[in-house]
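Reminder that position 403 of the sequence shown reads as 390 in my numbering, one-by-one numbering, no gaps.
Cβ atoms here follow ideal geometry from the backbone N, Cα and C, with glycine treated the same way.
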Amino acid sequence: MTTLLRILRFTRSLTPYYLGIMIAAAVVTAAGLAVPFITGRVTDVIVSAVGTAADGKGAVADVAGEAIRIVVLLAIALLAVSLVEAGIGNVGGYWGDVMSAKMRTILSTRYFEQLLALPQRYYDNELTGTIVARLNRSISEITNFMKTFSNMFVTMLFTTISVLAISAYYYWPLAVLLAVAYPLYLWLTALTSRRWQRLEGEKNDHVDVASGRFAEVVGQMRVVKSFARERDELDAFSRRFESTERLTGLQSRHWHAMDALRQGVLYAIFFVLYAIIFVRTVTGYFTPGEMVMLIQLMGMARQPVMSLSWVVDAAQRAIAGSKSYFEVMDLDPVRVDGGGDRPREPRATTKPARAGDPDRPAVSFRGVHFGYDDDDVLAGISFDVAQGERIAFVGESGGGKTTITSLLMGLYGVRSGTIEVAGAGAGLEDLRRGIGVVFQEPHLFSGTIAENIAYGRPDATREEVGAAARRAAVDSFVGGFPNGYDTVIGERGVKLSGGQKQRIAVARAMLKDAPILVLDEATSALDTKSERLVQAGLEDLMRGRTSLIIAHRLSTIAEVDRIVTLRDGRIDEVGTPAELAASGGIYAELLALQGSTAKADRRRLREFEVV
Ligand SMILES: Nc1ncnc2c1ncn2[C@@H]1O[C@H](COP(=O)(O)OP(=O)(O)OP(=O)(O)O)[C@@H](O)[C@H]1O
Ligand SMILES: [Mg+2]
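Here you go:
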């Protein structure tokens, strides 16, 4: 019930449609209720006319003529009623369809909106396919339910009340019996509900997990094929679905056993009802017309009960199906995130700093502690980057270099300490607008090359896209494609080579033209020649721009202003490349190793994952 109210509140804008559908259903039901009265009246007219004819009294022809006139009029009334039912019923059906479509829009966009608001931490723990499966299931089940419900609710209510009132008018024990039947049936239905829902929830979990893996496998088919794991993936997938078969068996057996019981009870009550009507007609209490009318009415009285089990079934599905949907909607982005401060505008300033303001650092980390879980990845990191300065981070693989850039972009909150970024503005959006980033993995979208380059600035002109592409040496390979910049690159750019993807990612950051530049292994996938080309473009871009650079290949950071070396989550040394080369620290060690061809040195180098 709370779920139902929740859905209604959620889709408040659809109220006119719910009302329209209900009014249409009420009209159709009222028309349906007229039918037993008309046929009852027809029966009485015919019985009396036939009876008069049999008596042989009076002007038989006159009586028959009058009776024929009345029954024809009544038949016309039947036709009118049916036409109303058909007409209004279809109007209601139309509103139902429109309502479903609108509901789909509301539920999907709200879900997407919520997903976009959820912090990075949420995505660290969820599978894409599961997120998608949840949306699809919830939408179809909630929509089906609301459609059925708004259609049947009024019909049920209206029929129940009318049937009770009419039968009470004709003979009160009928009404009493019916008044017992309804709640009894409802109670028996409610009994099945809890177990049914628990099983439905378990089934949904299996499907979600299977869908999550499914999407992952489809997305990384190359790995699956190369390691010859098709069979195993398929087996694991089908095992999940086989589990749902078993659960459905349990669920359905339970439901149908209870349904048989419910119906048995119901038919027993109707047996008594019919027996009363028949006997009372024989004893002359009801006319044959009244009997016909009451029998039809009893037929109608059964309908709400049957619809009820339909509605309950759809409601159960909707409740179970929407559970995980609402669980996601209920997530508080702040709680999921675990809190922690994000980068902010430097203190003690009244106006936002502008690039080129030399006295203030562009980026400043002060005693930053951070960990993804209980362990600290960064333990008290402090450094400043001056406006326009180029600073490089060097350290072991897994040492927290990428993590520093994630914190800079406010993807995670810090555990303690502060990060100040000049121009961070009021919100994360402002902060991120001011940072151009090339990720360690290119992360492209399925569109065209031009669309990918313009992702950070969708309004960029073709010339601007072309200029960025030239600086990132994208043009050197795009020329070979028949469709040029309009070449579709496949999901995540699968149709491109690693180095091509990386160059597009560099062009994307170049086009964004933000005051701060973050390059996380931006040229690691390139051969020496292309790297030189891209490096030249990057040097150009970095001029006068605050830049944070991570590179394993030390040749690419030889020109930076300062280097920060990291060890065990702490800063080990800070200095110019020349200073650090002479200090004997990590940088000096790596430099010696990269220049060396000795076997032992290369082994040591591999520990730093240098290519
Ligand atoms: N999303 C995440 N959730 C949990 N732990 C993470 C996450 N991302 C990184 N880590 C962990 O944090 C540590 C630092 O990772 P980070 O990616 O910052 O290293 P890195 O210095 O960039 O390494 P590399 O040079 O290999 O890119 C690693 O131990 C890693 O396992
Ligand atoms: Mg990294």
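Distance between K134 and S484 (C-alpha atoms, nearest Å)
Position 497 of the sequence shown, counting from 1, holds the residue named residue 484. Position 147 of the sequence shown, counting from 1, holds the residue named residue 134. Each residue's alpha carbon lies about 49 Å from the other.
Confirm the yes/no value for this check: CB of T389, any heavy atom of ligand 2, distance under 6 Å.
If you number the sequence shown from 1, residue 389 lands on position 402. Yes, the Cβ of T389 comes within 6 Å of a heavy atom of ligand 2.
Inter-residue spacing [alpha-carbon to alpha-carbon] between L237 and E187:
Counting from 1 along the sequence shown, the entry for residue 237 is found at position 250. Counting from 1 along the sequence shown, the entry for residue 187 is found at position 200. Cα to Cα, L237 sits roughly 10 Å from E187.
Using a Cβ-Cβ cutoff of less than 8 Å, which residues in the same chain neighbour G562 once the five nearest sequence positions on both sides are dropped?
Position 575 of the sequence shown holds residue 562. Excluding residues within five positions, the ones whose Cβ falls inside 8 Å are R549, I550, S570.
Is the closest heavy atom of ligand 2 to the C-beta of Q489 under 6 Å?
As a position in the sequence shown, residue 489 is number 502, starting the count at 1. Answer for Q489: no, Cβ out of range of ligand 2.
My output table needs one value for D328: the three-state DSSP class, helix, strand or coil.
Counting from 1 along the sequence shown, the entry for residue 328 is found at position 341. Three-state result, D328: strand.
With contact counted as at least three CB pairs below 8 Å, one residue from each stretch, are the segment 525 to 541 and the segment 375 to 395 in contact?
yes
Please report the residue range of the alpha helix (DSSP H) in which V259 lies.
Here the question's residue 259 lines up with position 272 in the sequence shown. 217 to 269 is the extent of the alpha helix (DSSP H) around V259.
In angstroms, rounded to a whole number, what distance separates the CA positions of S154 and G74?
Taking the first residue of the sequence shown as 1, we reach residue 154 at position 167. Taking the first residue of the sequence shown as 1, we reach residue 74 at position 87. Between S154 and G74, the C-alpha separation is close to 29 Å.
Quick one: grab the DSSP three-state call for L525.
Taking the first residue of the sequence shown as 1, we reach residue 525 at position 538. If DSSP states are grouped into helix, strand and coil, L525 belongs with the helices.
Got a sec: does ligand 2 put a non-hydrogen atom nearer than 6 Å to the Cβ of Q427?
The residue you call residue 427 lines up with position 440 of the sequence shown. At least one heavy atom of ligand 2 is nearer than 6 Å to the Cβ of Q427, so yes.
Measure the alpha-carbon distance for D195 versus D317 and round it to whole angstroms.
Counting from 1 along the sequence shown, the entry for residue 195 is found at position 208. Counting from 1 along the sequence shown, the entry for residue 317 is found at position 330. Their backbone Cα atoms lie some 19 Å apart in a straight line.
Counting Cβ pairs, one atom from each stretch, are 3 or more of them under 8 Å apart for the segment 319 to 332 and the segment 98 to 113?
yes
Identify which residue in L525, D514, K488 has its Cα closest to the Cα of I506.
Locating residue 506 in the sequence shown gives position 519, where the first residue counts as 1. Just to set this straight, residue 506 is Leu in the shown sequence, not Ile. Closest option to L506, Cα to Cα, is L525.
Looking at the strands, I want to know which residues DSSP matches up with F380.
For the purposes of this step, residue 380 is taken as the residue at position 393 of the sequence shown. F380 is bridged to I537, V551.
By DSSP, does A373 sit in helix, in strand, or in coil?
Numbered from 1 along the sequence shown, position 386 holds the residue referred to as residue 373. Correct three-state label for A373: strand.
In angstroms, rounded to a whole number, what distance separates the CA positions of T96 and L122?
Counting from 1 along the sequence shown, the entry for residue 96 is found at position 109. Counting from 1 along the sequence shown, the entry for residue 122 is found at position 135. Between T96 and L122, the C-alpha separation is close to 10 Å.
Bridge partners - H356, DSSP secondary structure assignment:
If you number the sequence shown from 1, residue 356 lands on position 369. According to DSSP, which records beta bridges pairwise, H356 is partnered with A366, S403.
Within the continuous beta strand (DSSP E) that includes L(-5), where are the two ends?
Taking the first residue of the sequence shown as position 1, residue -5 is located at position 8. Per DSSP, L(-5) belongs to no beta strand (DSSP E); it is in the alpha helix (DSSP H), -11 to -3.
Spell out a yes or no on whether the segment 352 to 365 and the segment 435 to 442 are touching, meaning 3 or more CB-CB pairs, one atom from each, closer than 8 Å.
no
If we count the other Cβ atoms within 10 Å of its Cβ and call it buried at 16 or more, is N77 buried or exposed?
Here residue 77 corresponds to residue number 90 of the sequence shown, with the count starting at 1. Classification of N77: exposed, given that the 10 Å Cβ count is below 16.
If you drop the 5 nearest sequence neighbours on each side, which residues of the same chain put their C-beta closer than 8 Å to that of Y442?
Locating residue 442 in the sequence shown gives position 455, counting from the first residue. Within the same chain, Y442 has close Cβ partners F432, R495.
T176 at chain B interface by Cβ criterion, 7 Å
Of the protein chains in the structure, only one exists, and it is not chain B.
Is D111 near ligand 1, judged by its Cβ being under 6 Å from some heavy atom?
By one-based count along the sequence shown, residue 111 stands at place 124. Checking every heavy atom of ligand 1 against the Cβ of D111, one is found closer than 6 Å.
Within the same chain, show all residues whose beta-carbon is closer than 8 Å to that of L567, passing over the 5 residues directly before and after it, in chain order.
Reading the sequence shown from its first residue, position 580 is the one you call residue 567. Only I550, T552, E560, Y574, A575 meet the Cβ criterion.
Looking only at its own chain, which residues have a Cβ that is under 6 Å from the Cβ of R353, when we skip the five neighbours before and after it?
Numbered from its first residue, the sequence shown carries residue 353 at position 366. For R353, where only same-chain residues beyond five positions count, the Cβ hits under 6 Å are S369, G404, T405.
Report the residue from L395, G27, L284, E128 whose alpha carbon sits nearest the alpha carbon of S309.
Locating residue 309 in the sequence shown gives position 322, counting from the first residue. Among L395, G27, L284, E128, the Cα nearest to that of S309 is on E128.
Secondary structure of L513, DSSP reduced to three states:
Residue mapping note: residue 513 aligns to position 526 of the sequence shown, counting from 1. The answer is coil: DSSP assigns L513 none of H, G, I, E or B.
Quick one: what does DSSP say S69 is sitting in, helix, strand or coil?
Counting from 1 along the sequence shown, the entry for residue 69 is found at position 82. Helix at S69.
Rounded separation between L(-5) and A366 - CA only
Locating residue -5 in the sequence shown gives position 8, where the first residue counts as 1. Locating residue 366 in the sequence shown gives position 379, where the first residue counts as 1. Going from the Cα of L(-5) to the Cα of A366 covers about 49 Å.
Measuring alpha carbon to alpha carbon, tell me which of T16, Q374, V59 ends up nearest F140.
Residue mapping note: residue 140 aligns to position 153 of the sequence shown, counting from 1. The residue with the shortest Cα to Cα distance from F140 is T16.
Since A54 and A67 are thought to touch, with beta carbons under 8 Å apart, how far apart are those beta carbons, to the nearest angstrom?
To locate residue 54, count along the sequence shown from 1; it is residue 67. To locate residue 67, count along the sequence shown from 1; it is residue 80. Not quite, the Cβ-Cβ distance comes to about 20 Å (not below 8 Å), so this is no contact.
Opposite G562 in the DSSP bridges: which residues?
Stepping through the sequence shown from its first residue, residue 562 is reached at position 575. Paired residue(s): I550.
Could you give the C-beta distance for P330 and E407, rounded to a whole number, given that I count them as a contact under 8 Å?
Here residue 330 refers to the residue found at position 343 of the sequence shown. Here residue 407 refers to the residue found at position 420 of the sequence shown. 7 Å between Cβ atoms; contact.
Three-state secondary structure assigned by DSSP to G412
For the purposes of this step, residue 412 is taken as the residue at position 425 of the sequence shown. The answer is coil: DSSP assigns G412 none of H, G, I, E or B.
I'd like to know whether the C-beta atoms of V59 and V32 end up nearer to each other than 7 Å.
Taking the sequence shown and counting its residues from 1, the one referred to as residue 59 is at position 72. Taking the sequence shown and counting its residues from 1, the one referred to as residue 32 is at position 45. Not closer than 7 Å, so no.
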